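*Asks:* Protein chains in written order, with this note's numbering: chain A, -13 to 239; chain B, 1076 to 1205.
Following this message is one structure expressed as structure tokens.
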């Protein structure tokens, strides 16, 4: 039997197995099929290697996705299994990248240095029988102590902390409680100051319109009725005042 | 619609895949794609290159055309020096088709360009933010 004939036979066999599995959903059968199709997971995982996540991890993720794909596959829909599995596996790998890859990325050089630092740490720990000092790491790697410390620091910085992370031992205060926020008080004071100073420059009617519209939030129609004028008049007046205020605001800064 | 066109013609040899990949990433970056999208496009383009080359080892060159529409996205056209005949089966069909499924999963549109019913190249499209 030549090679081509054997692969043909194999793929016919596979299809029969798939058909059988889709009918019975037997887990033993599924495991056999996973073995047969594992090469898809391997090929795809390899394509995504060298993007910052270890190949072995990607292969795991791809294999799990393959199982998922098998469980969801329905041969009666008429697609080939590989055409169905590929997007599923790629999708899972991409999700994994989104979840696991670092939100803050280091420059490639620093990433490489971090790997070396980690190796040095393991090597020196074993050689010294204790965890190495930063000076020892620096000497081993041929850089300054400061550089080692900076590297260690930058490693930390790429892992964002959860806002729910407790920062005290009693587990009472979480990070979100102490985190800074934009202080709006000052800008409010400045705005108020500006409004006070320009309101003086408006005449009584204008003042009233602004006051009723924006402090009491009344409608133009409402104000017009009270003042015995048309709503159009208020509308035009309002636009005129706002233009005036805008002009004054621009000139005040 | 404003289109920027970039053309690249390289010998159809595996060692020039690097040139294709680097050009692709530079063009995609100019076009405004993000790093993850660039990685996807690069992978799809190299898959397309290998897909065509694996079909027929007597191809002399590959010609790539990048058409960048600054508002919508990017078309990439990979064109072989001649029609591609499956002379020797290097892999079984399912494995070679896998490349095609990978391209489809990564790009928004993937089409085979046919020349008198025979494969001549691959055309693909990626839109922004998709």
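Note that the Cβ used here is the ideal one computed from N, Cα and C, for glycine as well.
Because the structure is a prediction, the values reported are computed rather than measured.
According to DSSP, simplified to helix, strand and coil, what is residue 1135 of chain B?
*Replies:* Numbered from its first residue, the second chain carries residue 1135 of chain B at position 60. Correct three-state label for residue 1135 of chain B: coil.
*Asks:* Using only the alpha-carbon positions, how far apart do residue 1080 of chain B and residue 201 of chain A sit?
*Replies:* Sequence index remark: in the second chain, residue 1080 of chain B carries index 5 (1-based). Sequence index remark: in the first chain, residue 201 of chain A carries index 215 (1-based). Approximately 57 Å between the Cα atoms of the pair.
*Asks:* So, does the CB of residue 1172 of chain B fall closer than 8 Å to a CB anywhere in chain A?
*Replies:* Taking the second chain and counting its residues from 1, one reaches residue 1172 of chain B at position 97. So, interface residue.
*Asks:* Below 8 Å on C-beta distance, what does residue 1118 of chain B contact in chain A?
*Replies:* Along the second chain, read from residue 1 onward, the residue named residue 1118 of chain B stands at position 43. In chain order: 33, 34.
*Asks:* Distance cutoff 8 Å, beta carbons only. Does residue 1113 of chain B sit that close to anything in chain E?
*Replies:* The structure shown contains no chain E; its protein chains are A and B.
*Asks:* With a CB to CB cut of under 7 Å and the five nearest residues on each side skipped, what residues in its chain are close to residue 242 of chain A?
*Replies:* Since the first residue shown for chain A is -13 and the last is 239, residue 242 of chain A is missing from the structure and cannot be characterised.
*Asks:* Name the residues in the stretch 45 to 76 of chain A whose C-beta lies less than 7 Å from a C-beta of chain B; which are they?
*Replies:* Those would be 68, 69, 72, 73, 76, in chain order.
*Asks:* For residue 2 of chain A, count neighbouring Cβ atoms within 10 angstroms of its own Cβ and tell me buried if that reaches 16, exposed if not.
*Replies:* Counting from one through the first chain, the residue named residue 2 of chain A turns up at place 16. Exposed is the call here.
*Asks:* Check for me: the beta strand (DSSP E) holding residue 1190 of chain B runs from which residue to which?
*Replies:* If you number the second chain from 1, residue 1190 of chain B lands on position 115. Counting along the chain, the beta strand (DSSP E) containing residue 1190 of chain B begins and ends at 1184 to 1190.
*Asks:* In three-state terms, what does DSSP make of residue 123 of chain A?
*Replies:* Counting from one through the first chain, the residue named residue 123 of chain A turns up at place 137. Three-state result, residue 123 of chain A: helix.
*Asks:* Can you tell me which residues form a DSSP beta bridge with residue 23 of chain A?
*Replies:* In the first chain, the residue the question calls residue 23 of chain A occupies position 37. Answer is none; residue 23 of chain A lacks a bridge partner.
*Asks:* Which of the three DSSP states is assigned to residue 60 of chain A in this structure?
*Replies:* To locate residue 60 of chain A, count along the first chain from 1; it is residue 74. Residue state, collapsed to three classes: coil.
*Asks:* Consider the Cβ of residue 94 of chain A: report whether some Cβ of chain B lies at a distance smaller than 8 Å.
*Replies:* As a first step, residue 94 of chain A must be located in the first chain, where it is residue number 108. No, residue 94 of chain A lies away from the interface with chain B (no Cβ there is under 8 Å from its Cβ).
*Asks:* Taking C-beta pairs closer than 9 Å, name the residues in chain B that residue 5 of chain A reaches, listed in chain order.
*Replies:* Residue mapping note: residue 5 of chain A aligns to position 19 of the first chain, counting from 1. Here the premise fails: no neighbours, minimum Cβ distance about 16 Å.
*Asks:* Around the C-beta of residue 1131 of chain B, are 16 or more other C-beta atoms found within 10 angstroms, so that it is buried, or is it exposed?
*Replies:* By 1-based counting over the second chain, the position of residue 1131 of chain B is 56. So residue 1131 of chain B ends up on the buried side.
*Asks:* Under 8 Å between C-beta atoms, does residue 1177 of chain B make it to chain A?
*Replies:* On the second chain, position 102 is the one that residue 1177 of chain B refers to. It does; some Cβ of chain A falls within 8 Å.
*Asks:* State buried or exposed for residue 1148 of chain B, treating a residue as buried only when at least 16 other CB atoms are found within 10 Å of its CB.
*Replies:* What you label residue 1148 of chain B is simply residue 73 of the second chain in a count that begins at 1. So residue 1148 of chain B ends up on the buried side.
*Asks:* Identify the contact partners of residue 1208 of chain B in chain A, using a Cβ-Cβ distance below 8 Å as the criterion.
*Replies:* The first residue shown for chain B is 1076 and the last is 1205, placing residue 1208 of chain B beyond what the model contains.
*Asks:* Is there contact between the stretch 1103 to 1114 of chain B and the stretch 1134 to 1148 of chain B, where contact requires at least three CB pairs shorter than 8 Å?
*Replies:* They touch, by the three-pair rule.
*Asks:* Please report the distance separating the alpha-carbon of residue 211 of chain A from that of residue 183 of chain A.
*Replies:* For this step, residue 211 of chain A is matched to residue 225 along the first chain. For this step, residue 183 of chain A is matched to residue 197 along the first chain. For residue 211 of chain A and residue 183 of chain A, the distance between alpha carbons rounds to 29 Å.
*Asks:* Give a yes or no on whether 8 Å exceeds the smallest Cβ distance from residue 30 of chain A to chain B.
*Replies:* For the purposes of this step, residue 30 of chain A is taken as the residue at position 44 of the first chain. Interface residue, yes.
*Asks:* How long is the line joining the alpha carbons of residue -1 of chain A and residue 10 of chain A, rounded to whole angstroms?
*Replies:* Residue numbering aside, residue -1 of chain A sits at position 13 when the first chain is read from its first letter. Residue numbering aside, residue 10 of chain A sits at position 24 when the first chain is read from its first letter. Going by the C-alpha atoms only, they are around 16 Å apart.
*Asks:* Starting from residue 1195 of chain B, follow the beta strand (DSSP E) in both directions and report where the run begins and ends.
*Replies:* As a first step, residue 1195 of chain B is located in the second chain; it is residue number 120 there, counting from the start. 1193 to 1202 is the extent of the beta strand (DSSP E) around residue 1195 of chain B.
*Asks:* If you pair each beta-carbon of the stretch 1120 to 1140 of chain B with each one of the stretch 1089 to 1099 of chain B, do three or more pairs fall below 8 Å?
*Replies:* Counting Cβ pairs under 8 Å, three or more are found: they touch.
*Asks:* To the nearest angstrom, report how far apart residue 187 of chain A and residue 166 of chain A are at their CA atoms.
*Replies:* Taking the first residue of the first chain as 1, we reach residue 187 of chain A at position 201. Taking the first residue of the first chain as 1, we reach residue 166 of chain A at position 180. Rounded to the nearest angstrom, the two C-alpha atoms are 38 Å apart.
*Asks:* Less than 8 Å between the beta carbons of residue 1139 of chain B and residue 1152 of chain B, yes or no?
*Replies:* Residue 1139 of chain B sits at position 64 when you count from the first residue of the second chain. Residue 1152 of chain B sits at position 77 when you count from the first residue of the second chain. Against a cut-off of 8 Å, the Cβ pair of residue 1152 of chain B and residue 1139 of chain B comes out as a contact.
*Asks:* Buried or exposed: where does residue 76 of chain A fall if 16 or more other Cβ atoms within 10 Å of its Cβ makes it buried?
*Replies:* Counting from one through the first chain, the residue named residue 76 of chain A turns up at place 90. Its Cβ being crowded by 16 or more others within 10 Å, residue 76 of chain A is buried.
*Asks:* At the level of alpha carbons, what is the spacing between residue 229 of chain A and residue 222 of chain A?
*Replies:* As a first step, residue 229 of chain A must be located in the first chain, where it is residue number 243. As a first step, residue 222 of chain A must be located in the first chain, where it is residue number 236. Each residue's alpha carbon lies about 11 Å from the other.
*Asks:* Given that a residue counts as buried once 16 or more other Cβ atoms are within 10 Å of its Cβ, and exposed if not, what is residue 68 of chain A?
*Replies:* If you number the first chain from 1, residue 68 of chain A lands on position 82. Residue 68 of chain A is buried by the Cβ-count criterion.
*Asks:* When you compare the stretch 55 to 71 of chain A with the stretch 91 to 106 of chain A, are there three or more beta-carbon pairs, one atom per stretch, that lie closer than 8 Å?
*Replies:* The stretch 55 to 71 of chain A is not in contact with the stretch 91 to 106 of chain A.
*Asks:* In terms of residues, what are the limits of the beta strand (DSSP E) holding residue 165 of chain A?
*Replies:* Here the question's residue 165 of chain A lines up with position 179 in the first chain. It is not in any beta strand (DSSP E) - residue 165 of chain A carries neither H nor E in the DSSP assignment.
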